[in-house]
Amino acid sequence: MKTYKLAIIPGDGTGPEVIREGLKVLQAAASKFGFKYEAHNYDFGGERYLRTKEVLPDSAVPELKKFDAIFLGAIGHPDVKPGILEKGILLRLRFDLDQYINLRPVALYDERFCPLKNKKPEDIDFVVVRENSEGLYKGLGEFQNKGTADEVAIQISHNTRRGVERCIRYAFEYTRQHGKKKKLTLCGKTNVLTFAWDLWERTFYEVAREYPDVKTEYTHVDATTMWFVKNPEWFDVIVTDNMFGDIITDLGAMIQGGMGIAAGGNINPKGVSMFEPIGGSAPKYTGKNVINPLAAICAGAMLLRQVGESKAAASIEETVKHVVLTKIKDLAAGKMGYTTTQVGDLIAGSLK
Ligand code: IPM
Ligand code: MN
Numbered sequence: 422m423k424t425y426k427l428a429i430i431p432g433d434g435t436g437p438e439v440i441r442e443g444l445k446v447l448q449a450a451a452s453k454f455g456f457k458y459e460a461h462n463y464d465f466g467g468e469r470y471l472r473t474k475e476v477l478p479d480s481a482v483p484e485l486k487k488f489d490a491i492f493l494g495a496i497g498h499p500d501v502k503p504g505i506l507e508k509g510i511l512l513r514l515r516f517d518l519d520q521y522i523n524l525r526p527v528a529l530y531d532e533r534f535c536p537l538k539n540k541k542p543e544d545i546d547f548v549v550v551r552e553n554s555e556g557l558y559k560g561l562g563e564f565q566n567k568g569t570a571d572e573v574a575i576q577i578s579h580n581t582r583r584g585v586e587r588c589i590r591y592a593f594e595y596t597r598q599h600g601k602k603k604k605l606t607l608c609g610k611t612n613v614l615t616f617a618w619d620l621w622e623r624t625f626y627e628v629a630r631e632y633p634d635v636k637t638e639y640t641h642v643d644a645t646t647m648w649f650v651k652n653p654e655w656f657d658v659i660v661t662d663n664m665f666g667d668i669i670t671d672l673g674a675m676i677q678g679g680m681g682i683a684a685g686g687n688i689n690p691k692g693v694s695m696f697e698p699i700g701g702s703a704p705k706y707t708g709k710n711v712i713n714p715l716a717a718i719c720a721g722a723m724l725l726r727q728v729g730e731s732k733a734a735a736s737i738e739e740t741v742k743h744v745v746l747t748k749i750k751d752l753a754a755g756k757m758g759y760t761t762t763q764v765g766d767l768i769a770g771s772l773k
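Per this note's numbering, residue 422 is the first one in the sequence shown, and the count goes up by one each step.
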């Protein structure tokens with residue numbers, strides 16, 4: 422029987438609660454589809470940092486490389502200054518494990534959950550391929566004359582041909598294989614950011630020549646946010662840089678019903694990938710058994726697809742859809758009509 426080695430980082434806030442339900446569902450899928458997993462827990466996060474003053478031990482990255490996948494709950498602690506844990510854990514792992522793709526599906530399961538008027542599940546069903554290793558997130562820049570009236574803060578968007586091309590290639594492959602309309606949209610800002618987006622646009626159309634079966638399109642990022650609200654049905658697969666991807670996927674999460682259902686994968690196609698609910702640690706709901714675990718459960722499904730258990734992944738996704746349609750009142754924390762634990766039980770107990 423195939424056994425997967427999984428690194429589990431429950432993290433902060435409600436992370437452990439949603440990961441618990443995610444693992445419950447993975448276990449049910451494993452029994453049903455005939456595979457096993459070994460879970461190894463890591464206590465990285467705010468509590469550990471406050472206790473030890475160490476954000477991430479140096480052994481973490483080489484150790485994590487030995488796993489088949491990483492399942493992450495949430496990083497962010499109210500007593501730790503913003504940025505320390507995000508940079509020191511989440512971004513460090515994305516970078517050092519070279520997870521250069523951040524894959525974020527946006528799918529509306531039921532009209533009831535959409536804040537937009539008259540949009541149906543068939544209208545909101547697309548995927549954002551966010552570059553996950555470069556751009557503004559590279560952290561390059563400097564202060565000049567810091568603390569004076571002449572202060573200048575420079576923040577550089579660092580885009581390499583290699584980095585841009587591998588992301589764009591992934592997006593074309595993904596569109597060819599999974600795109601419903603076989604359409605790939607490049608989301609950028611060619612009219613203002615004329616260095617970075619010149620490189621992106623050139624690379625996009627060069628690679629496009631190898632994919633005559635994929636339709637291509639370009640939209641500016643500002644217009645993209647408008648179309649997400651007005652005509653989300655136009656999109657199939659979107660490829661964009663790190664910063665724009667960060668921003669548009671929060672909007673994407675809202676039109677699919679909120680953070681309670683939004684999952685993502687930090688993917689290194691040739692290495693170890695990390696899957697997470699994208700909603701954060703939600704400190705105010707911590708320990709109350711009210712947070713929605715469906716985003717973590719869907720992240721678990723993405724994890725299974727990545728390691729090769731695509732039937733199990735599809736089964737979880739189908740079951741989530743069914744349970745959401747027939748049972749869940751609202752996707753927001755505390756309004757589901759069930760506790761966190763009960764939602765996990767509902768999915769694990771009725772896998773399709
Ligand atoms: C996300 C988050 C992170 C990001 C933060 C927590 C560093 O917002 O995963 O989208 O900006 O990438
Ligand atoms: Mn974000």
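Beta carbons: idealized from backbone N, C-alpha and C, even for Gly.
Model, not experiment: these values are computed from the prediction.
Open item on the list: Strictly by DSSP, which residues pair up with Ile749?
Closed with: Its beta-bridge partners do not exist; DSSP assigns none.
Task: In DSSP terms, what Pro698 is bridged to - done: Ala684
Task: Check: Asp671 C-beta below 8 angstroms from any heavy atom of ligand 1 - done: yes
Open item on the list: For Lys567, list the residues DSSP reports as bridge partners.
Closed with: Lys567 is not bridged by DSSP to any residue.
TODO: Please indicate yes or no: does the CB of Asp657 lie closer than 8 angstroms to some heavy atom of ligand 1?
DONE: no
- [ ] Spatial neighbours of Leu561 within its chain, please: CB distance less than 7 angstroms, with the 5 preceding and 5 following residues excluded, ordered by chain position.
- [x] Ile577 and His579
Task: DSSP three-state assignment for Leu724, whether helix, strand or coil - done: Residue state, collapsed to three classes: helix.
TODO: Assign Ser771 to one of three DSSP states: helix, strand, or coil.
DONE: Correct three-state label for Ser771: coil.
Open item on the list: To the nearest angstrom, how far is the alpha carbon of Met757 from that of Glu697?
Closed with: 21 angstroms
Task: When Ala592, Phe616, Ile718 and Gly765 are compared against Gly556, the one with the closest alpha-carbon - done: Of Ala592, Phe616, Ile718 and Gly765, the residue nearest in Cα terms is Phe616.
Task: Chain-order list of residues whose beta-carbon lies under 7 angstroms from that of Leu511 (same chain, five-residue window excluded) - done: Ile496
Open item on the list: I'd like to know if the stretch 730-738 and the stretch 444-451 are in contact, where contact means that at least 3 CB-CB pairs between them fall below 8 angstroms.
Closed with: Counting C-beta pairs with one atom in each stretch, the stretch 730-738 and the stretch 444-451 have three or more that are closer than 8 angstroms, which means they touch.
- [ ] State the DSSP-derived secondary structure class of His498, mapped to helix, strand or coil.
- [x] coil
- [ ] Taking Asp479 as the reference, give the member of Gly455, Asp517, Asp500 and Ile699 with the closest Cα.
- [x] Among Gly455, Asp517, Asp500 and Ile699, the Cα nearest to that of Asp479 is on Asp517.
TODO: For ligand 1, list every residue whose C-beta falls under 5 angstroms from any of its heavy atoms, going in chain order.
DONE: Glu507 and Asp667
Open item on the list: Could you give the first and the last residue of the continuous beta strand (DSSP E) run that contains Val515?
Closed with: Rather than Val, the amino acid found at residue 515 in this sequence is Arg. Arg515 -> not in any beta strand (DSSP E); alpha helix (DSSP H) instead, spanning Arg513 to Asp517.
Task: 8 angstroms Cβ shell around Thr424 - same chain, five flanking residues per side excluded - done: Cβ within range, chain order: Phe456, Lys457, Tyr458 and Glu459.
Open item on the list: Distance check for Pro483 and Asn652, CA to CA, integer angstroms please.
Closed with: Answer to the nearest angstrom: the Cα atoms are 44 angstroms apart.
TODO: Answer with buried or exposed for Ser694, where buried requires no fewer than 16 other C-beta atoms within 10 angstroms of its C-beta.
DONE: buried
Task: Limits of the unbroken beta strand (DSSP E) element including Leu447 - done: First-last for Leu447: Gly436 to Phe454, but that is the alpha helix (DSSP H), not the beta strand (DSSP E).
Open item on the list: Quick test of your reading: Gly681 and Asn713, contact by CB under 8 angstroms. State the CB separation rounded to the nearest angstrom.
Closed with: 3 angstroms
Open item on the list: Less than 8 angstroms separating the Cβ of Ile575 from some heavy atom of ligand 2?
Closed with: No, Cβ of Ile575 sits at least 8 angstroms from all heavy atoms of ligand 2.
Task: Proximity test, Ile699 beta-carbon vs ligand 2 heavy atom, cut-off 8 angstroms - done: yes
- [ ] Measure the CB-CB distance between Tyr530 and Gln763 and report whether it falls below 9 angstroms.
- [x] no
Open item on the list: Just to confirm my understanding: we take Thr637, look at its own chain, exclude 5 residues before and 5 after, and list those with CB closer than 6 angstroms. What are they?
Closed with: Leu605 and Ala629
TODO: Could you work out which residue in Ile589, Ile505, Asp667 and Gly432 is closest to Ala703 when comparing CA atoms only?
DONE: Gly432
- [ ] Assign Gly562 to one of three DSSP states: helix, strand, or coil.
- [x] strand
- [ ] With DSSP as the reference, label Tyr639 as helix, strand or coil.
- [x] strand
TODO: Starting from Ala617, trace the alpha helix (DSSP H) both ways and give me its first and last residue.
DONE: Ala617 to Ala629
- [ ] Express the C-alpha separation of Glu563 and Lys602 in angstroms, rounding to a whole number.
- [x] 43 angstroms
TODO: Less than 8 angstroms between the CB atoms is what I'm expecting for Ile699 and Gly685, so what's the real figure, rounded?
DONE: Cβ-Cβ separation between Ile699 and Gly685: approximately 5 angstroms, consistent with a contact (criterion under 8 angstroms).
- [ ] Look up Ile510 in the DSSP assignment and give the residues it is bridged to.
- [x] DSSP output for Ile510 lists no bridge partner at all.
Open item on the list: Between the alpha carbons of Ala754 and Tyr639, how many angstroms are there, rounded?
Closed with: 36 angstroms
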